[in-house]
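Working notes, beginning with the structure itself.
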């Protein structure tokens with residue numbers, strides 16, 4: 001009987017530790033947010049960022065910082081009017097919208113020496129309606145008759161919804177909570 005509860009508890013823990021659709025990326029791939037590190041934009045161009053992903057900046061608190069800025073401020077290494085400023089040394093930034101996100105070092109000299117990065121977050125295609133095919137170019141006069149119209153209708157299917165995975169996650173969480181609660185009862 002005790003083995004049954006241990007197995008149920010392990011199963012519950014397994015269900016609680018599920019892989020979501022978002023990932024955490026350490027900026028540059030490894031190492032710290034510093035001058036001696038990698039070419040950040042080369043790394044970012046090779047990485048596919050999605051909405052919900054998190055980027056992690058590691059640096060020495062008090063000696064450097066991470067500043068999210070506009071494109072103009074990025075180009076000029078200007079941190080005077082930041083979107084956000086982080087100084088804790090272990091900064092996690094959740095990417096909540098698609099498009100470019102501009103980050104620079106809070107130290108102007110470091111920024112001018114390429115301690116800066118542009119992270120482009122891809123658009124969320126799962127929630128947008130399918131696009132219609134482009135209309136054909138106007139036809140020129142042809143001695144041949146036009147082709148007969150197709151007899152079958154084309155019904156494109158929409159992209160799969162996130163709803164099943166959300167429902168499954170909710171059910172797994174309920175089962176995991178119930179299973180782990182059993183461990184405390186006995």
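Numbering (full-length UniProt numbering), first residue to last: 1 to 186. By construction, the Cβ of each residue, glycine as well, lies at the ideal position given by its N, Cα and C atoms. Just so you know, these numbers come straight off a predicted model, no measurement behind them.
Euclidean distance between Cα positions of residue i and residue j
i           : j           : result
residue 165 : residue 31  : Per-residue confidence for residue 165 stands at a pLDDT of 45, beneath the threshold of 50, marking its modelled position as unreliable; the derived number appears in the next sentence. C-alpha separation (whole angstroms): 34 Å.
residue 34  : residue 124 : 31 Å
residue 26  : residue 57  : 6 Å
residue 50  : residue 115 : 23 Å
residue 109 : residue 21  : 37 Å
residue 118 : residue 83  : 14 Å
residue 44  : residue 76  : 20 Å
residue 80  : residue 113 : 18 Å
residue 78  : residue 61  : 20 Å
residue 106 : residue 42  : 21 Å
Cβ pair residue i, residue j closer than 9 Å
i           : j          : result
residue 95  : residue 54 : yes
residue 40  : residue 66 : no
residue 103 : residue 74 : yes
residue 120 : residue 99 : yes
Residue(s) in a DSSP beta bridge with residue i
i           : result
residue 85  : 67
residue 118 : 102
residue 55  : 25 and 93
residue 61  : 64
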